[in-house]
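Notes follow the structure.
Numbering (the numbering used here), first residue to last: 5 to 131.
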């Protein structure tokens with residue numbers, strides 16, 4: 005999925021819509037922008053879904069993703085509204101949570117690795 009404003013022409017893209025730029029580079033995308041199943045795009049609903057998943061252990065972030073945690077710590081509200089400054093990772097995370105219904109897991113990725121007993125695999129080559 006892509007951001008709701010992905011069809012809007014951007015100055016950075018010299019008048020080419022973001023979704024079109026992504027497609028031109030071969031990025032696989034859904035046909036519509038990120039949204040909930042009912043078509044809504046509420047930031048608040050997305051944040052509440054993220055919070056619920058975090059509190060119930062259904063949302064985890066690798067501890068090595070320091071930029072994500074830094075942005076998470078700085079994420080805040082002013083006068084009841086989310087401050088949309090340096091929030092790119094939080095917005096991308098929210099879009100991902102909104103579109104979880106479209107996620108597909110490849111069962112082949114979960115097959116047991118075939119390697120000799122005792123063989124080292126420090127880089128995960130046999131996964």
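Each residue gets a CB set at the ideal place from its N, CA and C atoms; glycine is no exception. As the structure is a prediction and not an experimental result, all values here were calculated from the model.
- Distance from residue 34 to residue 98 at the Cβ level is roughly 16 Å; contact not present, criterion being Cβ atoms closer than 8 Å.
- Take residue 87, set aside five residues on each side of it, and the residues of its chain with a beta-carbon closer than 6 Å to its own are 80, in chain order.
- Residue 86 carries a strand assignment under DSSP once its states are collapsed to helix, strand and coil.
- Nearest Cα to residue 74 within the set 92, 63, 106 and 84: 92.
- With a minimum length of 4 residues, the unbroken runs of alpha helix (DSSP H) contained wholly in the region 20-80 fall at 22-28, 47-59 and 70-78.
- Judged by beta-carbon spacing, residue 40 lies beyond the 8 Å limit of residue 54, meaning their Cβ atoms are not closer than that value.
- If you ignore the 5 residues before and after residue 65, its C-beta comes within less than 6 Å of the C-beta of 72, all in its own chain and listed in chain order.
- The three-state reading of DSSP puts residue 101 in helix, counting H, G and I together.
- With distances taken between CA atoms, residue 106 lies nearest to 38 out of 30, 95, 69 and 38.
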